[in-house]
Structure formats: C-alpha cells, structure tokens
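Read through the structure below, which is laid out as structure tokens, and then see the notes.
There are 2 protein chains.
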Amino acid sequence: MAYDDSYKFKKVISIGIVSELTGLSQRQIRYYEERKLIFPDRSKGIRKYSFADVEQLMDIANKREEGVTTREIRNEMTKEIRQKMLQGQMNAHFRFRA
Amino acid sequence: MAYDDSYKFKKVISIGIVSELTGLSQRQIRYYEERKLIFPDRSKGIRKYSFADVEQLMDIANKREEGVTTREIRNEMTKEIRQKMLQGQMNAHFRFRA
DNA sequence: CGTGTAAGGAATTCTGACACG
DNA sequence: CGTGTAAGGAATTCTGACACG
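Protein chains in written order, with the working numbering: chain A, 16 to 113; chain B, 16 to 113.
Structure (structure tokens):
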C-alpha cells in the first residue's frame, strides 16, 4: 500500500471504459456526479476516473439496486468521511503513546 | 501483489493520457507498437494501455535516450522473457524439493 | 427522483503517406 | 531508423433538454 496506490487513485480512465467496467450507463455515471457521489477530474472537458472511482461506482450501483437513494448514499458517504477524520485525529494523538 | 495487480495490468488508458504520463508523443507510442515493444488492447480500433504498459514505455524512453535502438530493446525483452520462462520451469521442478 | 434518448458540437484517435535523414 | 506533420474519417464525449413518472 501507498506506492502501488498511485495506480488506484490516478484519474486516467474515460467514461466509456468506466461504463464497461461498472455496467452503468454513461447517463447514470454523470448523474451520480451531479449528485456529488463521484468526482472525476477533467482533461479539456473530458471526464477522467480512477480505479478507486470505479470501485466507488460499483458500491453505488449495489446500493441503488437495494433502493437506496442518491441522497441517502451521499449522507452515508459524509458520515464515513467524518469517521475517518476522527480516526485521523485519534491516531495523531495516540500514535506515540501506546 | 496479485489482487491489486488487476489495476496494473488492466488495459483502460487511451493514448492521449499515456502520452501525458510518459512524455512520449503519440507518434512514438504507436511506432513502438509497430516495432513490437508494446501491445495495447483495442476497443473499436482505439488503443487501450495498462499502467504496466506505461511503465514499459518509460523504460523504452530511457533506453532510447541512451541511444539504444528499438531492435536492441526488442532483443533485450525477448531475452528477459526467456529468463523468466526458465525461472518458471525451475520453480516448477524444485518448489517442493528444497 | 433517476434514467433514457435525440441533437449538435467539440475533442480524440486512427491510418497511410510524405518528409528528413 | 525514428519521428514530425497535415489529411480525412471514424468513434468518443459533452451539455442542455424533453420525456416519464
């Protein structure tokens, strides 16, 4: 982890390939971006995704199938981020203690 | 290794991005393919590269700068493959021996 | 709300060729 | 041999909108 991570987070994949990889339509992928569930980079207006984005989209697809709305998914994401930031603070505090 | 490898070897990157990543021109990248140094997949005629291909291209770029010809690079690659196949046979023979 | 589709335009990629050397 | 470039065409992607619900 952390070195090969470059691959996972590098935004290099265009939407057509992401569509093939996830099974989602390009319309769906763009809509999830509109709903702030996914954040591709842009290269001259053209969206570029990472493998991490692809994974994220597969999670979204699963939740949507279960009937979870984009708003709910968005809320869950926000919570998870909150958790991770807290975790980060905890680590900063106790790393050299225990 | 082996699980996250999926990212490294998945052919999902188009030539424009590969060009940005490697600093090579599209012309050069296509030429190295013509010389059998690199083997992208095709999606409706459009070349798709993996991160492994990108690394390979950076190696090629370095060798070219040193004045190594594409033919020589090709020969070196062939030798390396030969080595690895031999290594594979060795492993198959002695894995459960030592 | 979530997704499909037709529409017109902009950006990307492809090949074969000519050029230089 | 290795790489640049102009040329014309094909495939991709983009946005805003209408549709259904």
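Beta carbons: idealized from backbone N, C-alpha and C, even for Gly.
Model, not experiment: these values are computed from the prediction.
Residue 57(B) and residue 63(B) have their alpha carbons spaced roughly 6 Å apart.
For the pair of segments examined, the region 72-86 of chain B was found not to touch the region 36-54 of chain A: the number of CB pairs separated by less than 8 Å stays below three. For residue 44(A), there are no neighbours in chain B by C-beta distance under 9 Å, as the nearest C-beta there is about 15 Å away. Look at residue 23(A): its C-beta is under 7 Å from a C-beta on chain B. Between residue 73(B) and residue 37(B), the C-beta gap is smaller than 7 Å, which places the two residues in contact. Look at residue 57(A) here: in three-state DSSP terms it is strand. For the region 68-87 of chain B, the set of residues with a beta-carbon nearer than 8 Å to any beta-carbon of chain A is empty. Restricting attention to beta strand (DSSP E) runs no shorter than 3 residues, the region 53-101 of chain B encloses them at 56-58 and 61-63, ordered along the chain. A buried status is given to residue 25(B), since no fewer than 16 other beta-carbon atoms sit within 10 Å of its beta-carbon. For the 7 Å CB-CB criterion, residue 28(B) and residue 69(A) do not form a contact. The beta carbons of residue 67(B) and residue 23(B) sit closer together than 7 Å. When beta bridges are read from the DSSP output, residue 44(A) appears opposite no residue. The straight-line gap separating the alpha-carbon atoms of residue 40(B) and residue 32(B) is approximately 11 Å. With the criterion set as a beta carbon lying under 8 Å from some beta carbon of chain B, the members of the region 49-68 of chain A are 58, 63 and 66, in sequence order. Of the other Cβ atoms in all chains shown, fewer than 16 fall within 10 Å of the Cβ of residue 61(B); this residue is therefore exposed.
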